[in-house]
Amino acid sequence: MGKGFVSPRWKNPLCWGSLLLNVVLIGFILLGPHGPSTGRPLPQDVFTKMAEDLEGQDRIIYEAVLQKHMDNMKKSGRNIHEALGLIGQAAHQEPFDLDNVKAAHTHLHAQHREMDKAITDFVYEMLVSLSPEGRQKLRFAPPKRD
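Going letter by letter, the sequence shown gives residues 336 to 481 in our numbering.
Here is the structure:
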(Lines of atoms letter the chains of each structure in order from A and count residues from 1; the text may use other names and numbers.)
(Lines give C-alpha, C1' and ligand atoms only; values in the text may rest on other atoms or scores of the structure.)
Protein backbone atom coordinates (compact mmCIF):
# COMPACT_ATOMS: atom_id res chain seq x y z
CA MET A 1 0.00 0.00 0.00
CA GLY A 2 1.43 3.41 -1.00
CA LYS A 3 1.60 6.59 0.93
CA GLY A 4 -1.62 8.47 1.48
CA PHE A 5 -2.36 11.98 0.26
CA VAL A 6 -1.80 13.53 3.69
CA SER A 7 1.70 13.36 5.09
CA PRO A 8 2.13 12.47 8.76
CA ARG A 9 2.88 16.03 9.81
CA TRP A 10 -0.48 17.25 8.39
CA LYS A 11 -2.29 14.74 10.59
CA ASN A 12 -1.35 16.96 13.53
CA PRO A 13 -4.30 19.27 14.40
CA LEU A 14 -1.88 22.08 15.32
CA CYS A 15 -0.69 22.27 11.71
CA TRP A 16 -4.26 22.65 10.47
CA GLY A 17 -4.97 25.25 13.15
CA SER A 18 -1.90 27.22 12.16
CA LEU A 19 -2.87 27.07 8.48
CA LEU A 20 -6.45 28.14 9.26
CA LEU A 21 -5.25 31.03 11.42
CA ASN A 22 -2.92 32.25 8.66
CA VAL A 23 -5.71 32.09 6.06
CA VAL A 24 -8.07 34.03 8.35
CA LEU A 25 -5.44 36.68 9.08
CA ILE A 26 -4.61 37.10 5.39
CA GLY A 27 -8.34 37.38 4.67
CA PHE A 28 -8.73 40.13 7.26
CA ILE A 29 -5.76 41.98 5.87
CA LEU A 30 -6.91 41.77 2.26
CA LEU A 31 -10.68 41.83 2.58
CA GLY A 32 -11.41 42.75 6.16
CA PRO A 33 -13.26 45.78 7.36
CA HIS A 34 -11.17 48.90 7.22
CA GLY A 35 -12.32 51.67 9.50
CA PRO A 36 -12.28 55.30 8.54
CA SER A 37 -8.97 56.99 8.13
CA THR A 38 -7.72 58.56 11.31
CA GLY A 39 -5.72 61.11 9.36
CA ARG A 40 -6.51 64.74 8.97
CA PRO A 41 -9.64 65.69 7.03
CA LEU A 42 -9.12 67.10 3.55
CA PRO A 43 -8.97 70.91 3.39
CA GLN A 44 -11.89 70.96 0.95
CA ASP A 45 -14.03 69.12 3.52
CA VAL A 46 -13.03 71.56 6.23
CA PHE A 47 -13.81 74.60 4.07
CA THR A 48 -17.16 73.18 2.91
CA LYS A 49 -18.21 72.38 6.48
CA MET A 50 -16.97 75.76 7.72
CA ALA A 51 -19.33 77.69 5.43
CA GLU A 52 -22.28 75.32 5.66
CA ASP A 53 -24.52 77.81 7.50
CA LEU A 54 -23.53 80.96 5.59
CA GLU A 55 -26.21 82.57 3.46
CA GLY A 56 -26.71 85.55 1.20
CA GLN A 57 -23.90 88.05 0.76
CA ASP A 58 -21.69 86.30 3.33
CA ARG A 59 -21.83 83.10 1.28
CA ILE A 60 -20.84 84.98 -1.89
CA ILE A 61 -17.96 86.72 -0.10
CA TYR A 62 -16.78 83.42 1.39
CA GLU A 63 -16.77 81.68 -2.00
CA ALA A 64 -14.89 84.58 -3.64
CA VAL A 65 -12.20 84.67 -0.93
CA LEU A 66 -11.87 80.87 -1.05
CA GLN A 67 -11.42 80.91 -4.83
CA LYS A 68 -8.82 83.66 -4.52
CA HIS A 69 -6.69 81.60 -2.12
CA MET A 70 -7.43 78.07 -3.41
CA ASP A 71 -4.72 78.18 -6.10
CA ASN A 72 -2.05 78.91 -3.48
CA MET A 73 -3.34 76.11 -1.26
CA LYS A 74 -3.40 73.61 -4.15
CA LYS A 75 0.10 74.66 -5.23
CA SER A 76 1.35 74.19 -1.66
CA GLY A 77 -0.27 70.75 -1.55
CA ARG A 78 1.50 69.72 -4.75
CA ASN A 79 4.79 71.05 -3.37
CA ILE A 80 4.34 69.02 -0.18
CA HIS A 81 3.68 65.90 -2.26
CA GLU A 82 6.84 66.50 -4.30
CA ALA A 83 8.87 67.15 -1.13
CA LEU A 84 7.70 63.82 0.29
CA GLY A 85 8.91 62.16 -2.91
CA LEU A 86 12.30 63.81 -2.50
CA ILE A 87 12.61 62.33 0.99
CA GLY A 88 11.88 58.88 -0.43
CA GLN A 89 14.44 59.34 -3.20
CA ALA A 90 17.08 60.52 -0.74
CA ALA A 91 16.37 57.60 1.60
CA HIS A 92 16.75 55.03 -1.20
CA GLN A 93 19.78 56.64 -2.80
CA GLU A 94 22.98 54.61 -2.95
CA PRO A 95 25.42 55.48 -1.56
CA PHE A 96 23.24 56.67 1.29
CA ASP A 97 23.81 60.26 2.37
CA LEU A 98 22.12 61.38 5.57
CA ASP A 99 22.70 65.04 4.69
CA ASN A 100 20.52 64.63 1.58
CA VAL A 101 17.73 63.15 3.70
CA LYS A 102 18.02 66.01 6.18
CA ALA A 103 17.94 68.58 3.35
CA ALA A 104 14.84 66.93 1.83
CA HIS A 105 13.19 66.93 5.25
CA THR A 106 14.01 70.62 5.75
CA HIS A 107 12.50 71.31 2.31
CA LEU A 108 9.33 69.45 3.36
CA HIS A 109 9.03 71.62 6.48
CA ALA A 110 9.38 74.75 4.34
CA GLN A 111 6.53 73.50 2.12
CA HIS A 112 4.38 72.87 5.20
CA ARG A 113 5.04 76.45 6.32
CA GLU A 114 3.92 77.69 2.89
CA MET A 115 0.69 75.69 3.22
CA ASP A 116 0.12 77.10 6.71
CA LYS A 117 0.65 80.61 5.39
CA ALA A 118 -1.78 80.07 2.49
CA ILE A 119 -4.48 78.77 4.84
CA THR A 120 -3.81 81.54 7.38
CA ASP A 121 -4.05 84.22 4.70
CA PHE A 122 -7.38 82.76 3.57
CA VAL A 123 -8.81 82.62 7.09
CA TYR A 124 -7.70 86.16 7.97
CA GLU A 125 -9.11 87.68 4.78
CA MET A 126 -12.33 85.72 5.17
CA LEU A 127 -12.82 86.84 8.77
CA VAL A 128 -12.19 90.49 7.87
CA SER A 129 -14.56 90.32 4.88
CA LEU A 130 -17.58 88.63 6.48
CA SER A 131 -20.26 90.42 8.45
CA PRO A 132 -20.39 89.89 12.24
CA GLU A 133 -23.42 87.62 11.74
CA GLY A 134 -21.53 85.61 9.12
CA ARG A 135 -18.54 85.17 11.43
CA GLN A 136 -20.90 83.81 14.11
CA LYS A 137 -22.21 81.17 11.68
CA LEU A 138 -18.79 79.79 10.75
CA ARG A 139 -17.95 76.29 11.94
CA PHE A 140 -14.34 75.87 12.97
CA ALA A 141 -14.50 72.25 14.14
CA PRO A 142 -13.13 69.84 11.53
CA PRO A 143 -15.73 67.52 9.96
CA LYS A 144 -15.89 63.96 11.18
CA ARG A 145 -14.86 61.36 8.63
CA ASP A 146 -17.41 58.68 7.86
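Glycine included, every Cβ here is placed at the ideal spot set by N, Cα and C.
| Check | Outcome |
| --- | --- |
| In the structure shown, what three-state DSSP assignment does E429 receive? | coil |
| My output table needs one value for F382: the three-state DSSP class, helix, strand or coil. | helix |
| Output the distance between the C-alpha atoms of V436 and A418, rounded to the nearest integer angstrom. | 11 Å |
| According to DSSP, is A560 part of a helix, a strand, or is it coil? | Examination of residue 560 is not possible in this model, given that the chain is present from 336 through 481 alone. |
| Taking only three categories from DSSP, how would you classify R474? | coil |
| With a Cβ-Cβ cutoff of 8 Å, do L473 and M385 count as a contact? | yes |
| For A426, which option in A439, I415, H416 has the closest C-alpha, if you only look at C-alpha atoms? | A439 |
| Classify S411: buried if its beta carbon has 16 or more other beta carbons within 10 angstroms, exposed otherwise. | buried |
| Could I get the ranges of all uninterrupted alpha helix (DSSP H) runs contained in the segment 385 to 445, with 4 residues as the minimum, in chain order? | 391 to 427 |
| Whole angstroms is fine: what's the gap from L389's alpha carbon to R413's? | 29 Å |
| Compare the beta carbon distance of H447 and I422 with 8 Å and say whether it is the shorter of the two. | no |
| Tell me, please, whether the segment 427 to 434 touches the segment 453 to 460 by the rule of three or more beta-carbon pairs shorter than 8 Å. | no |
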